[in-house]
Each structure stands twice: as structure tokens, then as C-alpha cells.
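Undergrad: A single structure is presented below for examination.
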Amino acid sequence: MDLKAHYRKLYVESLEMISADRYELDTLLDSKDDRRFGITLIIRPSDEVKEAIQSFLEALKKVEPYQYYYPSSDIHITVMSIISCYEGFNLETIDLPKYIGLINKCLPKEQSLKIQFKGLTASNSCIMVQGFMENKLLNEIRNNLRVEFNASNLEQSLDKRYAIQTAHSTVVRFRKQFEQKDRFLKLIDYFSDYNFGSFEVKNLELVYNDWYQRKTFVKKLHQFEI
3 MDLKAHYRKL YVESLEMISA DRYELDTLLD SKDDRRFGIT LIIRPSDEVK
53 EAIQSFLEAL KKVEPYQYYY PSSDIHITVM SIISCYEGFN LETIDLPKYI
103 GLINKCLPKE QSLKIQFKGL TASNSCIMVQ GFMENKLLNE IRNNLRVEFN
153 ASNLEQSLDK RYAIQTAHST VVRFRKQFEQ KDRFLKLIDY FSDYNFGSFE
203 VKNLELVYND WYQRKTFVKK LHQFEI
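Sequential numbering from 3 applies to the sequence shown in this note's numbering.
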């Protein structure tokens with residue numbers, strides 16, 4: 003996949019939709035009845051990168067304060083949704099040590115993984131920071147996970163929504179009608195190629211999480227060193 007071209011296509015198409023008021027609001031963000039949970043393998047960016055992202059988000063908040071902005075504690079890259087969030091998922095019904103053991107088999111030994119966060123992409127419901135990998139290691143891990151989980155009898159929903167190949171991080175979700183949409187989009191354009199920094203991935207986290215990876219609900223199940 004040409005990641006840069008993929009991100010750009012999403013960006014152009016989505017900003018056209020937002021400009022034309024064909025954006026989608028997430029009506030479950032503020033719902034107290036949202037019971038969707040699952041388990042996910044994630045990467046957390048470095049503190050320096052998260053600080054750069056927060057500076058960008060602060061600028062957006064001044065223009066559109068009622069949208070949903072990810073706090074630093076919740077910013078992440080999804081390596082793989084092992085069990086995609088659904089209502090009624092119960093952590094106690096799975097054999098967690100088997101999941102940990104299987105994931106461990108899929109991880110590299112003594113190979114480096116570096117990610118650069120540069121520029122923005124979007125959908126018609128959110129804004130994302132673009133992530134670029136310096137090698138194929140992340141997608142090799144994903145392919146290993148697909149092979150191992152498909153050969154197992156463990157509950158899983160890998161690639162149920164889409165076959166993930168990117169390293170983006172969602173940082174804004176739309177939850178209210180825009181009040182200053184044009185100013186918001188001008189800021190997005192201004193930051194569209196901004197370099198938020200690079201970081202070396204030292205570990206991956208297996209977490210129990212809600213749909214939005216909110217710290218209040220997230221429980222770290224295991225940390226894998228790479």
C-alpha cells in the first residue's frame with residue numbers, strides 16, 4: 003500500500019464531505035448506556051509526540067470547543083483489534099493466558115520499529131494524525147496475528163471492520179454540529195503536513211477497552227517488549 007497516497011485520498015474526500023455538511027456525529031460518545039467493550043493490541047506514542055499533538059488540539063478547541071478531543075492518556079495506534087468492541091463482551095469468558103501466549107509468538111525478537119507522526123488525514127466523522135512506519139515490521143506483526151488467530155479456536159474478530167494496514171491515530175471525533183466549520187477546516191489545512199515527531203516503539207499493550215480507548219475504562223492486560 004502507498005500509505006501517503008491512501009492518507010491523502012481519505013483527507014481530500016473527507017474534507018469535501020465535511021465542507022458540504024455531510025459529516026457524521028458520534029451519538030454514543032456521551033451515552034451512559036454504551037456497553038461496547040473488547041480487547042485490542044495497541045502502541046502508545048512517546049510523551050514528546052503526544053505533547054505536540056495536544057498543542058494542535060488546543061488550537062482546534064479554541065475554534066470548536068464542543069467536539070471530542072483525545073487526552074494524551076487515550077492517544078494510541080491500533081496494531082490489531084483482537085476482539086472488536088461489542089455490547090455484552092465479558093473479559094472473564096476468555097482464556098487470557100492463551101491470548102498472551104499466541105500474541106507473543108507473533109512478535110519480532112530484537113528488531114526495531116520506528117513510527118513518524120506527520121500530517122493529518124480524516125474521515126467524515128473524525129480527524130486522524132498520519133503515522134508512517136520506516137519498515138514493514140508492523141504489518142508483518144499483523145500478518146502473523148492473522149495467521150495464528152485464524153488457526154486457533156480463540157474468540158477473535160480480526161479485520162472484521164477492515165483489514166488494518168496503517169499507523170494512524172484518531173485524535174478528534176465529531177459530536178456536535180460545527181459552529182465555526184470554516185475556521186476549523188483552515189486549521190486542519192494549516193496542520194495538514196505538520197511534523198508531530200517520531201518515536202521508537204519499545205512495547206505493545208494488550209488492553210481491555212471501550213470503543214474510544216478512554217482511560218476510565220481501559221485495563222492493561224499485558225505488556226509485550228519488542
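We put the beta carbon where it would ideally sit given N, CA and C, even for glycine.
Among Cys128, Ile105 and Gln132, which has the Cα closest to the Cα of Thr42?
TA: Among Cys128, Ile105 and Gln132, the Cα nearest to that of Thr42 belongs to Ile105.
Undergrad: Excluding sequence positions up to five away, which residues of its chain have a Cβ less than 7 Å from the Cβ of Gln167?
TA: Met3 and Asn141, listed in sequence order.
Undergrad: For Glu207, collect the residues of the same chain with a Cβ closer than 6 Å to its Cβ; drop the 5 residues on either side in sequence, then sort them by chain order.
TA: The residues are Ile44, Lys222 and Gln225.
Undergrad: Closer than 7 Å by C-beta to Gln56: which residues in its own chain qualify, once you throw out the five before and the five after it? Chain order, please.
TA: For Gln56, where only same-chain residues beyond five positions count, the Cβ hits under 7 Å are Ser74.
Undergrad: State the DSSP-derived secondary structure class of Gly133, mapped to helix, strand or coil.
TA: Gly133 falls in the strand class under three-state DSSP.
Undergrad: Return the bridge partner residues of Arg234 from the DSSP annotation.
TA: Missing from the structure shown is residue 234; the chain here goes from 3 to 228 and no further.
Undergrad: Terminal residues of the continuous alpha helix (DSSP H) containing Leu139?
TA: Its alpha helix (DSSP H) spans residues Leu139 to Asn152.
Undergrad: So, under 8 Å CB-CB, Ile129 and Ile79 are touching, yes? Tell me the CB distance rounded to an integer number of Å.
TA: Their Cβ separation, rounded to whole angstroms, is 15 Å, which puts Ile129 and Ile79 out of contact at 8 Å.
Undergrad: Taking the straight line between their C-alpha atoms, what separation do you get for Ile96 and Thr172?
TA: Spanning the two alpha carbons is a distance of roughly 28 Å.
Undergrad: With respect to 7 Å, is the separation between the Cβ of Val81 and the closest non-hydrogen atom of the ligand GDP below this value?
TA: As presented, the structure is devoid of all ligands, the ligand GDP included, so that no description of it is given.
Undergrad: How many angstroms separate the CA atom of Gln69 from the CA atom of Phe176?
TA: Going by the C-alpha atoms only, they are around 5 Å apart.
Undergrad: Among Asp212, Glu202, Val220 and Arg185, which one has its Cα closest to the Cα of Glu227?
TA: Among Asp212, Glu202, Val220 and Arg185, the Cα nearest to that of Glu227 belongs to Glu202.
Undergrad: For Ser83, is the classification buried or exposed, using 16 other Cβ atoms within 10 angstroms of its Cβ as the cut-off for buried?
TA: So Ser83 ends up on the buried side.
Undergrad: Using DSSP bridges, identify the partner residues of Phe198.
TA: According to DSSP, Phe198 bridges with nothing at all.
Undergrad: Please name the residue, chosen from Leu62, Val81, Asp28 and Leu122, that lies closest to Asn205 on a Cα-to-Cα basis.
TA: Of the candidates Leu62, Val81, Asp28 and Leu122, the one whose C-alpha sits nearest the C-alpha of Asn205 is Val81.
Undergrad: Determine, using beta carbons only, whether Phe134 and Leu5 come nearer to each other than 8 Å.
TA: Yes, Cβ-Cβ distance for Phe134 and Leu5 is below 8 Å.
Undergrad: Note the first and the last residue of the continuous beta strand (DSSP E) segment covering Val212.
TA: Correcting the residue type first, residue 212 is Asp in the shown sequence and not Val. Per DSSP, Asp212 belongs to the beta strand (DSSP E) from Asn205 to Asp212.
Undergrad: Alpha carbon to alpha carbon, how far is Asp49 from Ser154? Give it in angstroms, no decimals.
TA: Each residue's Cα considered, the two are about 36 Å apart.
Undergrad: Could you compute how far the alpha carbon of Lys188 sits from the alpha carbon of Leu17?
TA: C-alpha separation (whole angstroms): 11 Å.
Undergrad: Tell me whether the beta-carbon of Glu66 lies closer than 8 Å to the beta-carbon of Gln182.
TA: Cβ atoms of Glu66 and Gln182: closer than 8 Å.
Undergrad: Count the other CB atoms within 10 Å of the CB of Asp76; is the residue buried (16 or more) or exposed (fewer)?
TA: With 16 or more other Cβ atoms within 10 Å, it is buried.
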